[in-house]
Amino acid sequence: MQKKKSEFFNILKQEIINNIKSYVIVTIIFVIGIFLGVFFINQTDSKNDILQYINTYIDEMKTIQNGDFISELKNDIHNNILLVFLLWFAGTTIIGIPIVFGIILTRGFCLGYTISACVLTLGKLKGFMFILLTVFLQNAIFIPALLVLGVSSVKLYKSIIKDRRKENIKLSIFKHSIISLFILFALIISSIVKIEISYRLILTFSKYF
7 MQKKKSEFFN
17 ILKQEIINNI
27 KSYVIVTIIF
37 VIGIFLGVFF
47 INQTDSKNDI
57 LQYINTYIDE
67 MKTIQNGDFI
77 SELKNDIHNN
87 ILLVFLLWFA
97 GTTIIGIPIV
107 FGIILTRGFC
117 LGYTISACVL
127 TLGKLKGFMF
137 ILLTVFLQNA
147 IFIPALLVLG
157 VSSVKLYKSI
167 IKDRRKENIK
177 LSIFKHSIIS
187 LFILFALIIS
197 SIVKIEISYR
207 LILTFSKYF
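The sequence shown begins at 7 in my numbering and counts up by one.
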């Protein structure tokens, strides 16, 4: 078991080393999105609207009954399936790479916007607690999975450009599809963490916000 685990991490390490440039590019795009989200919040004058949105979100969590978590989980998994499919499809087309980068940029923007909004409206301590409960846990899985899928799309693009033989294209798409399935599984876990852990933690600690 230990040997298989070691082999897995060695393969993962080599994968990152072999595609370090792609990982750097995708990560930079994601970080730019975060900074844009933070910048947007700092420039907005509607701080009361942001606070109202967060308070409404907390109030809605308070009213959720146990049975509603299943519905929320289904919706979140459905959204992640659509996300993976869109990234997979965009990655299989040469002209789809800008779409892949756009999705990653947008996800970074949403994260930066959320973090900045929480800190701005709730203060540093409460904002940090809220972020820890609502953002950190699921994104610890979601963000690496998103970046890996983005890199897989870039690899597919480079492979097709480098070798346009039908056999190579089929093999590259097959590899990209396998990675997409693994990422989908990771995002489903992220959804479970978000709904079954983060949401319940919000309900438990909502009185502090």
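Ideal Cβ positions, reconstructed from N, Cα and C, are used throughout, including at glycine.
(message) Could you compute how far the alpha carbon of Asn174 sits from the alpha carbon of Gln20?
(response) On the sequence shown, residue 174 is found 168 positions in, with the first residue counted as 1. On the sequence shown, residue 20 is found 14 positions in, with the first residue counted as 1. Their backbone Cα atoms lie some 21 Å apart in a straight line.
(request) Output the distance between the C-alpha atoms of Phe46 and Ser159, rounded to the nearest integer angstrom. (result) Residue numbering aside, residue 46 sits at position 40 when the sequence shown is read from its first letter. Residue numbering aside, residue 159 sits at position 153 when the sequence shown is read from its first letter. One C-alpha to the other measures close to 29 Å.
(message) Tell me whether the region 172-187 and the region 122-137 touch, counting them as touching only if at least three CB pairs, one residue from each stretch, are closer than 8 Å.
(response) Three or more beta-carbon pairs separated by less than 8 Å are not found between the region 172-187 and the region 122-137, which leaves the two stretches without contact.
(request) Report the three-state DSSP secondary structure of Gly129 (helix, strand or coil). (result) On the sequence shown, residue 129 is found 123 positions in, with the first residue counted as 1. Under the three-state reduction of DSSP output, Gly129 falls in the coil class, being neither helix nor strand.
(request) Give the DSSP-derived three-state secondary structure of Arg113 in the structure shown. (result) Reading the sequence shown from its first residue, position 107 is the one you call residue 113. The three-state reading of DSSP puts Arg113 in helix, counting H, G and I together.
(request) Give the secondary structure of Arg171 by DSSP, where H, G and I count as helix, E and B as strand, and everything else as coil. (result) Position 165 of the sequence shown, counting from 1, holds the residue named residue 171. Coil at Arg171, not helix or strand.
(message) Quick check on the burial criterion: 16 or more other C-beta atoms within 10 angstroms. Buried or exposed for Gln248?
(response) Past the edges of the chain, shown from 7 to 215, lies residue 248, and the structure says nothing about it.
(message) Only counting the same chain, and skipping five residues up and downstream in sequence, which positions put a Cβ closer than 6 Å to that of Ile105?
(response) Here residue 105 refers to the residue found at position 99 when the sequence shown is read from its first residue. Cβ neighbours of Ile105 beyond the five flanking positions: Ala96.
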